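Our numbering numbers the first residue of the sequence shown as 1 and each following residue consecutively. As structure tokens, the structure follows; a few thoughts come after it.
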Amino acid sequence: MSNETLSIILFLVFVAATLAITVWASRNTRNATDFYAGGRSFSGAQNGIAIGGDYMSAASFLGIAGLIALYGYDGFLYSIGFLVAWLVALLLVAELLRNSGRFTMADVLAFRMSPRPVRTAAGVSTIIVSIFYLLAQMVGAGALVSLLFGFTSDFAKGATIALVGVLMIVYVVFGGMKGTTWVQIVKAVLLMTGATLITLLVLGKFGFNLSSLLNDAADQSGKGGEFLEPGLRYATAEQGLSGKLDLVSLGLALVLGTAGLPHILIRFYTVPTARDARKSVLWGIGIIGVFYLLTLVLGFGAAALVGSKEIAKANPAGNTAAPQLAQRIGEIVFGDAGGTILLAVIAAVAFATILAVVAGLTLASSSSFSHDLYAHVFRRGKASERDEVRVARISAFVIGAVAIVLGIYAQRLNVAFLVALAFAVAASGNLPAILYSLFWKRFNTTGAVSAIYGGLGSAIFLVAFSPVVSGSEKALFTDSDFSWFPLENPGIISIPFGFLCGWIGTMLSKEFNAEKYAEIEVRSLTGAGAEQATEH
């Protein structure tokens, strides 16, 4: 049996299982709380595993392994940044957000402020960040299929991206948060099992000697000792100061971005208590921490056993490094048949990863559109729960279609890099508004709207005129060059600018409600009255 046939069979088995979960969840989704928050019925451990499943995206599994395989030390910076980011989410956001809101990030902001402008800004921000993140998952899907089936035509890759988009829409429309959460739990278990198996096989090949693995990786990379030192991708001699600033910008985006990601924030509403929210994050940190240690072996293992040149030949961005490693180590340990089976298994797991994450992202953005924009801005709080859920399902179709179209055009970019852009946008627009709302008594409507639009707008504006979009071989538009902003990640400018806009907007407005701040302070610390958060 060929690896293509086996991969298709395993993928179809996973799809069938997850669709069965979705059908079951649809029968248990009776109201808006069930659709948006899974009825708040998940335990801390279940939600923590789902958070891990939501967070360990195609960027983590495919993108980071590829960056490490191509750039060594510099690639591992992504793993460190993604992991450290959870400390910010745990210490500053998780418990307070769970206690203060109901379904979306905007619930927290709207309680203290004028609801319509704040919900509009938060809804727009949520949808834009989600689409950036969705873009990365779609690119990962296209890269996987190209490797497995040898597709070279743009039509075949586009058809794959469309298939992933259709499946994610089905999960969200019919399963809601319950279905999506169980899909993420199943996917997290599969991903951890697959990554651990490959890691153990690779370490076994090198006698469980990490130094031997790293030395072989350096030799096979063609870069020698430089492969294990900083400076291959960021802060190179050629880049000069801009390279160093780009590295700092990336670090800021990765560390601060998680606490502003909409699809992560809504996960805190699926548990019954603040204690469970804390427990969720601890479980998530444990699973994610182990996984990012495994990416170290996956990336350097791919460089050592497959070779950086062969990886770049299959996919210039390195997105296929992990599946290529699976095939090579399978052949070494079990023979040709073993390589075929292991490649098929890892490819199926990677597909599962993509499907689960895009479902979570689509749910976050469609929920924000229906709950924040439709129910509270367009209908001024007069929409019924049934209408809200219906609009959420319709918007899932629209958002899915947008992600499919953009994903087809962005296939030259590394998926981890694309996610770093999403982190920068989230940290620039969402995080200032959330932190100011929770911790600054003087904060008001003008400040919240200014922080979101200022941070969001500056991040997107700088990306539009960066080497990511034009002026480089890996840009979206390779034939054009209108880039004047030298950094690939805008975080170093857009994140402080978002906080500055929030401060200036607040100081320019005289609006202030000390009573509401005192109430949300008590609510954020105790959880009292959170269910009524959106009724004010």
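Where a beta carbon is used, it is the ideal one built from N, C-alpha and C, also for glycine. Because the structure is a prediction, the values reported are computed rather than measured.
May I have the straight-line CA-CA distance separating residue i from residue j, to the nearest angstrom?
i                : j                : result
tyrosine 71      : alanine 347      : 23 Å
glycine 338      : aspartate 481    : 46 Å
valine 402       : phenylalanine 61 : 24 Å
leucine 201      : glutamine 324    : 14 Å
phenylalanine 14 : valine 349       : 9 Å
methionine 113   : alanine 475      : 41 Å
glutamate 519    : glycine 454      : 28 Å
tyrosine 517     : leucine 261      : 24 Å
glycine 207      : glycine 75       : 24 Å
isoleucine 404   : glycine 158      : 8 Å
leucine 282      : methionine 56    : 15 Å
isoleucine 266   : arginine 119     : 15 Å
threonine 236    : valine 129       : 30 Å
leucine 96       : leucine 438      : 8 Å
isoleucine 8     : isoleucine 341   : 12 Å
lysine 389       : leucine 456      : Reading off the sequence, residue 389 comes out as valine, not lysine. Approximately 27 Å, taken between the alpha carbons.
valine 166       : valine 398       : 11 Å
With which residues is residue i paired in a DSSP beta bridge?
i                 : result
serine 366        : In the DSSP output, where bridge partners are listed per residue, serine 366 has none listed.
phenylalanine 477 : Ser470
Ignore the nearest five residues each way along the sequence and tell me which others in residue i's own chain have a CB closer than 6 Å to its CB.
i                 : result
leucine 595       : There is no way to answer for residue 595, as the model of the chain reaches only from 1 to 536.
glycine 447       : Gly502, Gly505 and Thr506
leucine 19        : none
alanine 45        : Trp283
glycine 257       : Phe423, Ala426 and Ala427
phenylalanine 291 : Met56
alanine 396       : Ile169, Val172, Val173, Thr362 and Ser366
According to DSSP, simplified to helix, strand and coil, what is residue i?
i                 : result
methionine 168    : helix
phenylalanine 512 : coil
valine 522        : helix
glutamine 46      : helix
glutamate 488     : coil
glutamine 220     : helix
methionine 105    : helix
alanine 410       : coil
valine 389        : helix
phenylalanine 14  : helix
glycine 240       : coil
leucine 144       : helix
tyrosine 234      : coil
alanine 383       : coil
arginine 442      : coil
glutamate 229     : coil
threonine 506     : helix
alanine 337       : helix
leucine 317       : Per the sequence presented here, residue 317 reads as alanine, with leucine not at that position. Correct three-state label for alanine 317: coil.
valine 186        : helix
methionine 192    : helix
Just to confirm my understanding: we take residue i, look at its own chain, exclude 5 residues before and 5 after, and list those with CB closer than 7 Å. What are they?
i                 : result
lysine 187        : Gly53, Ala352, Thr353 and Ala356
isoleucine 255    : The amino acid at residue 255 is misidentified as isoleucine; the sequence shows valine. Here the set comprises Gly81, Val84, Ala85 and Val88.
leucine 298       : Ala65, Ala195, Ile198, Thr199, Ala322 and Leu325
leucine 92        : Ala259 and Leu435
glycine 471       : Asp481 and Ser483
phenylalanine 161 : The identity of residue 161 in the sequence shown is isoleucine, whereas the question assumes phenylalanine. Around isoleucine 161: Met138, Ala141, Gly142, Ile404, Gly407 and Ile408.
alanine 304       : Leu213, Asp216, Ala217 and Gln220
asparagine 489    : Asp246, Ser249, Leu250, Ala253, Ala420, Leu421 and Ala424
methionine 168    : Leu355, Val358, Ala359, Thr362 and Gly400
glutamate 331     : Gly338 and Gly339
alanine 25        : Gly175, Gly176, Lys178, Gly179 and Trp182
leucine 487       : Ser242, Leu245, Asp246, Ser249 and Ser466
Indicate, with yes or no, if the ligand GDP has a heavy atom lying under 7 Å from the CB of residue i.
i           : result
alanine 464 : The ligand GDP is absent from the structure shown, which contains no ligand whatsoever.
Using beta-carbon positions only, say whether residue i and residue j come within less than 8 Å of one another.
i                 : j              : result
alanine 424       : serine 494     : yes
glycine 498       : glycine 429    : yes
tyrosine 234      : glycine 224    : no
valine 419        : alanine 50     : no
threonine 126     : alanine 359    : no
leucine 77        : isoleucine 285 : no
alanine 364       : tyrosine 374   : no
serine 308        : serine 221     : yes
phenylalanine 174 : valine 23      : yes
glycine 318       : isoleucine 311 : yes
asparagine 47     : serine 370     : no
alanine 433       : alanine 253    : no
valine 449        : alanine 121    : yes
phenylalanine 465 : valine 271     : no
histidine 376     : proline 117    : no
leucine 296       : isoleucine 21  : no
Within its chain, find whatever has a CB closer than 8 Å to the CB of residue i; leave out the 5 residues flanking it on each side and keep chain order.
i             : result
alanine 410   : Leu135, Met138, Val139, Leu418 and Leu476
serine 509    : Asn444, Thr445, Thr446 and Gly447
glutamate 229 : Gly72 and Tyr73
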